[in-house]
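Numbering (this note's numbering), first residue to last: -3 to 181. The C-beta atom is built at its ideal place from N, Cα and C for all residues, glycine as well. Here the structure comes first, spelled out in structure tokens, and everything after it is commentary.
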């Protein structure tokens, strides 16, 4: 009698529902792993937004350099026009040692500086517009990323909750089947 109970119990416990439960849980784990892999896409999107921010920083740096160059050229023009050098420089020393430059040479330098200043002002305007454009694009990308992140996170949490509910239902079903097996003994 003991052997028949053992064989009946063993065949019942090793039945199809128990094996299907194992495969079901494995399938759910792989789905969860797949959802986690999708979250790696968020990291890539985050890296992309960092690249946009770096590009904006680079354009901001270029704007600052163009502005400093323009200020330097305006200072050179002022020094050349007045003949007074404010800072200690090689030019100031040569002027003191050898005298002032010829008026024609000075006028040619002034004209060249005027052209360079006009080019510099145009360059600053272009860099400012480029900087503003990057800022607008970066802001739009960041907002889009945040919205998508929130939607995807909500979807992932809903899917995770549904997976947990399904696992619990399947677990209850397995325990119900096991209880029925023990009650048959």
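{"Item": "Whole angstroms are fine: how far does the CA of residue 179 sit from the CA of residue 172?", "Value": "10 Å"}
{"Item": "Grouping DSSP H, G and I as helix and E and B as strand, with all else coil, what is residue 61?", "Value": "helix"}
{"Item": "Rounded to whole angstroms, what is the Cα-Cα separation between residue 154 and residue 144?", "Value": "15 Å"}
{"Item": "With DSSP collapsed to three states, give me the class of residue 125.", "Value": "helix"}
{"Item": "Is the beta carbon of residue 127 closer than 8 Å to that of residue 64?", "Value": "no"}
{"Item": "Return yes when the C-beta of residue 63 is under 7 Å from any heavy atom of the ligand FAD, and no when it is not.", "Value": "Ligands displayed in this structure: none; no statement on the ligand FAD is therefore possible."}
{"Item": "Note down, in chain order, each residue of its chain lying with its Cβ closer than 6 Å to the Cβ of residue 112, except the 5 sequence neighbours on either side.", "Value": "69"}
{"Item": "In the structure shown, what three-state DSSP assignment does residue 181 receive?", "Value": "coil"}
{"Item": "Report the rounded CA-to-CA distance for residue 105 versus residue 99, giving the unit in angstroms.", "Value": "10 Å"}
{"Item": "Could you tell me the alpha carbon to alpha carbon distance between residue 72 and residue 107, rounded to whole angstroms?", "Value": "12 Å"}
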